[in-house]
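Residue numbers (my numbering): 1419 to 1815.
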């Protein structure tokens, strides 16, 4: 196995204490893989709020940043500078790095590289609010509904144009799910390899006794559609615990019945405890992949979820007759469809048909070591192909 070329550049949009989701887990595992292969990467980002924070995995690391770092509130509210972010990412100097790997959910893929460099971009999502989720985003945005509405629409139009142009610069795209790969094909007209993101399945126990309660876990924001979950459980009278916080909480509490409890944002240990005791995990949003359903299965809980998006890669539906089913997918994103799925799940006592140990075995296919192995294999192949292209003479015309 040939060593990776050095130095390697690893690019992410931003590192801040408020950003600790699935994309950051991907960057951490990419960093670990490169270190293990003897090519510790040089890190680049628009802003860095983590390298000086004790306890962060980035503590003490040198991270090269953009001019956004020096703007007022640039680190804490980087997204307020959205119109400047494409320009800012293009200012990062990656010359001298034969291999560039970007982790992109907005602009990181837009770094500028040369013809002798190999740029591989792991894409978490093409920006939803610029593409297929634009109209719901505009409908929810007070700014877009006001006098500045035309300017907001113009900025999103310009972002879409840059998004397509910058996608052409990347040598190889990797998507976190088949759904994301289809979105990439639709918006950018590019092929993408599919490698599912890493999920820390090892931090969950699957063998604890189950309580008579269902669990919802996510940020309480409109696109997660927790309102569908709350309405369905209020209709059916089944017990639900809602974990997470956000701007939707007050509205959701007002519409919830007495059997729906809101516990807010809990520690990782407390959250794991609820998943390990849940009768099932319930989710009504549409994600590009979705870490939480896999975490639930790692904790032995079957999943009841809206059957579109990335969840089709992670949950094997009982009704579809798939081997080793891990949950139940409902067809329409509304309370009626979810309520019917809940009643079917209860009537058949399906938690007994979906053993906890089998949930865990399936979830282990998304473990970090699996992710690193698949990425390593792909990078080795892409680098060998790149080297052969560099050696091939270009005919004179």
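Idealized CB from N, CA, C, for every residue including glycine.
For a test of the three-state rule: what should DSSP assign to residue i, helix, strand or coil?
i            : result
residue 1453 : helix
residue 1724 : strand
residue 1482 : strand
residue 1507 : helix
residue 1530 : coil
residue 1679 : strand
residue 1693 : helix
residue 1522 : strand
residue 1781 : helix
residue 1818 : The first residue shown for the chain is 1419 and the last is 1815, placing residue 1818 beyond what the model contains.
residue 1410 : Since the first and last residues shown for the chain are 1419 and 1815, residue 1410 lies out of range.
residue 1612 : strand
residue 1644 : helix
Give me the residue from the options with the minimum Cα distance to residue i.
i            : options                   : result
residue 1586 : 1610, 1756, 1449 and 1652 : 1610
residue 1546 : 1641, 1672 and 1561       : 1641
residue 1447 : 1777, 1653, 1719 and 1791 : 1791
residue 1742 : 1707, 1728 and 1781       : 1781
residue 1617 : 1428, 1421 and 1778       : 1778
residue 1680 : 1662, 1691 and 1687       : 1662
residue 1596 : 1626, 1670 and 1726       : 1726
residue 1427 : 1535, 1581 and 1552       : 1535
Any heavy atom of the ligand ADP inside 7 Å of the beta-carbon of residue i?
i            : result
residue 1699 : In the structure on display, the ligand ADP does not appear, and there are no ligands present to speak of.
Looking at residue j and residue i, is the spacing between their C-beta atoms short of 8 Å?
i            : j            : result
residue 1737 : residue 1746 : yes
residue 1631 : residue 1683 : no
residue 1460 : residue 1425 : yes
residue 1689 : residue 1675 : no
residue 1520 : residue 1532 : no
residue 1593 : residue 1538 : no
Around the C-beta of residue i, are 16 or more other C-beta atoms found within 10 angstroms, so that it is buried, or is it exposed?
i            : result
residue 1783 : exposed
residue 1467 : buried
residue 1620 : exposed
residue 1456 : exposed
residue 1463 : buried
residue 1527 : buried
residue 1434 : buried
residue 1478 : exposed
residue 1772 : buried
residue 1702 : buried
residue 1694 : buried
residue 1606 : buried
residue 1775 : exposed
residue 1673 : exposed
residue 1421 : exposed
residue 1571 : exposed
Just curious, the beta strand (DSSP E) that residue i is in, first and last residue?
i            : result
residue 1539 : 1536–1541
residue 1563 : Note, residue 1563: premise wrong, no beta strand (DSSP E); alpha helix (DSSP H) at 1560–1563.
residue 1567 : Run containing residue 1567: none in the beta strand (DSSP E); it sits in the alpha helix (DSSP H), 1567–1587.
residue 1745 : 1745–1748
residue 1661 : 1658–1661
residue 1634 : 1632–1635
residue 1464 : 1460–1466
Alpha helix (DSSP H) containing residue i: first to last residue?
i            : result
residue 1602 : 1596–1606
residue 1714 : 1709–1716
residue 1547 : Careful: residue 1547 lies outside any alpha helix (DSSP H) and carries neither H nor E.
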